[in-house]
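Undergrad: Heads up: the sequence shown is residues 50 to 455, going by our numbering. Every residue gets a Cβ at the ideal spot worked out from N, C-alpha and C, and that includes glycine. As the structure is a prediction and not an experimental result, all values here were calculated from the model. Please read through the structure below; I'll follow up with questions.
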Amino acid sequence: MVRQPEMKPCAPKHIASITPYPPGKPIEELEREYGISGSIKLASNENPLGPSPKAIEAVLATLSKLNRYPDGSGFYLRKKLAEKYCIPFDGVVLGNGSNEIIELVIRAFLTPGDEVIMPAPSFLLYRLVVQWMGGKPIPVPLKTNLGIDLEKMAEAVTAKTKVIFLTNPNNPTGTVISKRDFDALLLNVPREVVVVLDEAYIEFNTNPDTPSGFDYICRNGPGVVVLRTFSKAYGLAGLRIGFGAMDPDIASFLNRVRQPFNTASVAQAAALAALDDEEFLRRTQETVWGGLQYLYNEIEKMGLKYIPSEANFFLIEVACEAKRLFEAMLRHGVIIRSMASYGMERFIRVNAGLPEENRRFVRTLSQLLAEMDLTDSNGGQGLPRIGACPGPDPGSEAGSGGVQNQ
Ligand SMILES: Cc1ncc(COP(=O)(O)O)c(C=O)c1O
Numbered sequence: 050m051v052r053q054p055e056m057k058p059c060a061p062k063h064i065a066s067i068t069p070y071p072p073g074k075p076i077e078e079l080e081r082e083y084g085i086s087g088s089i090k091l092a093s094n095e096n097p098l099g100p101s102p103k104a105i106e107a108v109l110a111t112l113s114k115l116n117r118y119p120d121g122s123g124f125y126l127r128k129k130l131a132e133k134y135c136i137p138f139d140g141v142v143l144g145n146g147s148n149e150i151i152e153l154v155i156r157a158f159l160t161p162g163d164e165v166i167m168p169a170p171s172f173l174l175y176r177l178v179v180q181w182m183g184g185k186p187i188p189v190p191l192k193t194n195l196g197i198d199l200e201k202m203a204e205a206v207t208a209k210t211k212v213i214f215l216t217n218p219n220n221p222t223g224t225v226i227s228k229r230d231f232d233a234l235l236l237n238v239p240r241e242v243v244v245v246l247d248e249a250y251i252e253f254n255t256n257p258d259t260p261s262g263f264d265y266i267c268r269n270g271p272g273v274v275v276l277r278t279f280s281k282a283y284g285l286a287g288l289r290i291g292f293g294a295m296d297p298d299i300a301s302f303l304n305r306v307r308q309p310f311n312t313a314s315v316a317q318a319a320a321l322a323a324l325d326d327e328e329f330l331r332r333t334q335e336t337v338w339g340g341l342q343y344l345y346n347e348i349e350k351m352g353l354k355y356i357p358s359e360a361n362f363f364l365i366e367v368a369c370e371a372k373r374l375f376e377a378m379l380r381h382g383v384i385i386r387s388m389a390s391y392g393m394e395r396f397i398r399v400n401a402g403l404p405e406e407n408r409r410f411v412r413t414l415s416q417l418l419a420e421m422d423l424t425d426s427n428g429g430q431g432l433p434r435i436g437a438c439p440g441p442d443p444g445s446e447a448g449s450g451g452v453q454n455q
């Protein structure tokens, strides 16, 4: 067949309609663009202390073996995880970040047209991955107190529902699910539905009344898949390593759609060592908890509302277009997250950094809010008063603008 010059390959509609992933601005690019130096990043919920020192040592020891493929089964890391958390070895699946486990669940269980229920707002990748597979994301708005509405999520189940995503603590709100609500959801959901409990930030949670996902993975009822990551509390975001814990039968489906060498040997070695670095984990938790307390106090002093969080980040309501504030802060070398892509036009999200980074954020925010004309194009009326934060419009849908970096 003679090819016409104007004919080009075209992806199917469900792919062509996706807004591609706009990655977060790396510090180096920001500094080049604005001609500044010494910037700080409090935008991607990363660990401000750097990687675990034990993980760095393990990575260095692995470098001379980079000519070999990694252990595709991740035997030693899975064995350690199974022992540490008392979970079945055959139910542990390693991922190139826990992001990959999200993708494996959807690839294994979804056919085009199937529905996937998720809180809105929550982690934007859930929606994107479902769209990749031609599935239908079903966003369920948060409650007015910004908690995930598990009752409404159970009510949203139809014959087409294959997966439910829950995030505990939730990103971007930092709220947690209670054990009672989680138990009730499992009773109300058909057994053939997979319930994903994404615990990316669980190491920062201090609320005792919240389910421990590992207790649920081999129980009767819907299949529970627990997601954990080494990107946050263990400081290994750049290596891309996370895992899912689930019933071995569910894991066998994920393994059918997993690339044989999906996690790098250096990443496996670093994760293995990081699990032993309890001192680093404790220091991380203390830095985050202390940092959040400092930030809450300062935000209150500024007369702004914030949402107390059980993760390493929190939301601040800024009474102006968050995107404008985000851009102004960028020019001062402070990278934060505007929540506009989550449908929360007047919220910013900030993660706890080192004490000097937190102080710089507070100084910059208070300077900019004093300088900025807070009357935006929608007629914003200046700073809100402290008090119970009403949160975003519960009807707003997450992710209309694609995913920003974490
Ligand atoms: C709720 C949630 N789940 C999963 C992830 C992905 O983490 P990973 O780096 O392990 O892919 C993130 C990252 O920000 C997240 O916020």
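Alpha carbon to alpha carbon, how far is Ala110 from Gln308?
TA: Ala110 and Gln308: Cα-Cα distance of roughly 25 Å.
Undergrad: Among Met202, Ile385, Gly291, whose alpha-carbon lies nearest the alpha-carbon of Leu275?
TA: The sequence given here has Val at residue 275, not Leu. Among Met202, Ile385, Gly291, the Cα nearest to that of Val275 is on Gly291.
Undergrad: If distances are taken between C-alpha atoms only, which option among Asn361, Glu152, Ser88, Pro161 comes closest to Pro218?
TA: Answer by Cα proximity: Asn361.
Undergrad: Across which residues does DSSP place Ser387 in a beta bridge pair?
TA: Ile397.
Undergrad: Going by the C-beta, is Asn311 closer than 6 Å to any heavy atom of ligand 1?
TA: No, ligand 1 has no heavy atom inside 6 Å of this Cβ.
Undergrad: In whole angstroms, give me the CA-to-CA distance for Val315 and Phe279.
TA: Each residue's Cα considered, the two are about 13 Å apart.
Undergrad: Am I right that Glu164 and Ile187 are in contact with their C-beta atoms under 8 Å? What's the rounded C-beta distance?
TA: Going by Cβ atoms, the distance from Glu164 to Ile187 rounds to 5 Å, so yes, they are a contact pair.
Undergrad: Would you identify the three-state DSSP class for Pro188, choosing helix, strand or coil?
TA: DSSP places Pro188 in strand when its eight states are reduced to three.
Undergrad: What's the gap between the Cα of Glu327 and the Cα of Asp296?
TA: Approximately 27 Å, taken between the alpha carbons.
Undergrad: Go through the stretch 185 to 249 residue by residue and report every complete run of the beta strand (DSSP E) that reaches 3 residues or more, in order.
TA: If we require 3 residues or more, the beta strand (DSSP E) runs fully inside the stretch 185 to 249 come out as 185 to 190, 210 to 216, 243 to 247.
Undergrad: What span of residues does the alpha helix (DSSP H) with Ile299 cover, start to end?
TA: Looking at the DSSP string, the run of the alpha helix (DSSP H) that includes Ile299 is 297 to 305.
Undergrad: Would you identify the three-state DSSP class for Glu366, choosing helix, strand or coil?
TA: Residue state, collapsed to three classes: strand.
Undergrad: Assign Gly431 to one of three DSSP states: helix, strand, or coil.
TA: Because Gly431 carries a pLDDT of 37, less than 50, the predicted location of this residue cannot be relied on, and no value is offered for it.
Undergrad: Compute the Euclidean distance between the alpha carbons of His63 and Lys57, then round it to the nearest angstrom.
TA: So the alpha carbons of these two residues sit roughly 17 Å apart.
Undergrad: Apply the 10 Å Cβ neighbour rule to Phe124 and answer buried if 16 or more other Cβ atoms are within range, or exposed otherwise.
TA: Phe124 should be labelled exposed.
Undergrad: Which residues bound the alpha helix (DSSP H) around Leu79?
TA: Taken as a continuous stretch (DSSP letters only), the alpha helix (DSSP H) holding Leu79 covers 76 to 83.
Undergrad: Which two residues bound the contiguous beta strand (DSSP E) that contains Met167?
TA: Looking at the DSSP string, the run of the beta strand (DSSP E) that includes Met167 is 164 to 169.
Undergrad: According to DSSP, is Ala319 helix, strand or coil?
TA: Three-state result, Ala319: helix.
Undergrad: Starting from the N-terminal end, write out each residue whose C-beta falls within a distance shorter than 6 Å of any non-hydrogen atom of ligand 1.
TA: After applying the 6 Å Cβ criterion, the set is Asn94, Gly146, Ser147, Asn148, Phe172, Thr216, Asn220, Asp247, Ala249, Thr278, Ser280, Ala286, Gly291, Gln455.
Undergrad: In terms of residues, what are the limits of the beta strand (DSSP E) holding Thr278?
TA: That run of the beta strand (DSSP E) goes 272 to 278.
Undergrad: Terminal residues of the continuous beta strand (DSSP E) containing Leu143?
TA: That run of the beta strand (DSSP E) goes 141 to 144.
Undergrad: By Cβ distance below 6 Å, which residues in the same chain neighbour Phe231 in space, the five residues on each side in sequence not counted?
TA: Correct list, in chain order: Pro260.
Undergrad: Expressed to the nearest angstrom, what Euclidean distance is found between the alpha-carbon atoms of Leu383 and Val154?
TA: Before going on, a small fix: residue 383 reads as Val here, not Leu. Taking the straight line from one Cα to the other gives about 36 Å.
Undergrad: Mapping the DSSP letters down to three states, classify Tyr125 as helix, strand or coil.
TA: If DSSP states are grouped into helix, strand and coil, Tyr125 belongs with the helices.
Undergrad: Let me make sure I understand the geometry here. Which of Ala313, Leu143, Pro170 has the alpha-carbon closest to that of Leu112?
TA: Per the Cα distances, Ala313.
Undergrad: Alpha carbon to alpha carbon, how far is Glu359 from Thr210? Give it in angstroms, no decimals.
TA: For Thr210 and Glu359, the distance between alpha carbons rounds to 29 Å.
Undergrad: In whole angstroms, what separates the C-alpha of Gly429 from that of Ile226?
TA: Bear in mind that a pLDDT of 41 at Gly429, under 50, signals an unreliable position, so the model cannot answer this.
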